[in-house]
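Here's the structure, in structure tokens; my notes come after.
Residue numbers (our numbering): 503 to 662.
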């Protein structure tokens with residue numbers, strides 16, 4: 503059985519980044535969108551990041567345009583939007599598909615580890631996955647789950 507550390511993802515500039523770089527940290531991996539009803543969750547995610555990054559938390563944002571075309575075409579617009587409107591300082595990556603024939607292998611893995619209400623598929627933007635310091639998927643949260651509601655589970659992972 504693998505871990506998230508087995509995956510490489512694409513940065514906004516097109517360079518590849520190994521998730522091994524985050525080994526030993528708790529992660530929240532989330533598929534995001536800039537023009538979605540859940541977009542204000544960026545604020546809560548950033549608050550969690552600010553509060554717990556010194557304890558080993560990283561939040562990894564993956565813009566996705568599969569749900570209602572709610573993401574900018576240009577990744578530069580996406581990153582600027584997140585920084586300007588929500589003060590996002592956690593890493594944002596290149597746009598990905600989270601379902602279907604072209605889904606990113608990381609999301610294939612995450613969905614295989616923790617199924618949601620629609621079995622494996624992600625049903626909307628801001629589906630969140632909590633990963634422990636060993637790269638294991640601990641929990642999956644629905645798009646409607648506010649980031650603050652994850653904090654209790656996150657604290658258990660950080661204190662392990």
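Ideal Cβ positions, reconstructed from N, Cα and C, are used throughout, including at glycine.
- Mind checking whether residue 524 and residue 608 have CB atoms under 8 angstroms apart? Contact flag unset, no.
- Going by other Cβ atoms of all chains shown within 10 Å of its Cβ, with 16 needed for buried, is residue 613 buried or exposed? Result: buried.
- Which residue spans inside the segment 603-645 form an unbroken beta strand (DSSP E) run of at least 3? Entirely contained in the segment 603-645, the beta strand (DSSP E) runs reaching 3 residues are, in chain order, 630-633, 639-643.
- Range covered by the beta strand (DSSP E) that runs through residue 653: Here residue 653 belongs to no beta strand (DSSP E); instead the alpha helix (DSSP H) covers 653-660.
- Item | Cβ contact check for the segment 559-567 and the segment 527-536: 3 or more pairs under 8 angstroms | They touch, by the three-pair rule.
- Task: Round the Cβ separation of residue 513 and residue 563 to the nearest angstrom and send it over; I've been treating them as touching at under 8 angstroms.
- Result: The C-beta distance from residue 513 to residue 563 rounds to 12 angstroms, too long to meet the 8 angstroms contact threshold.
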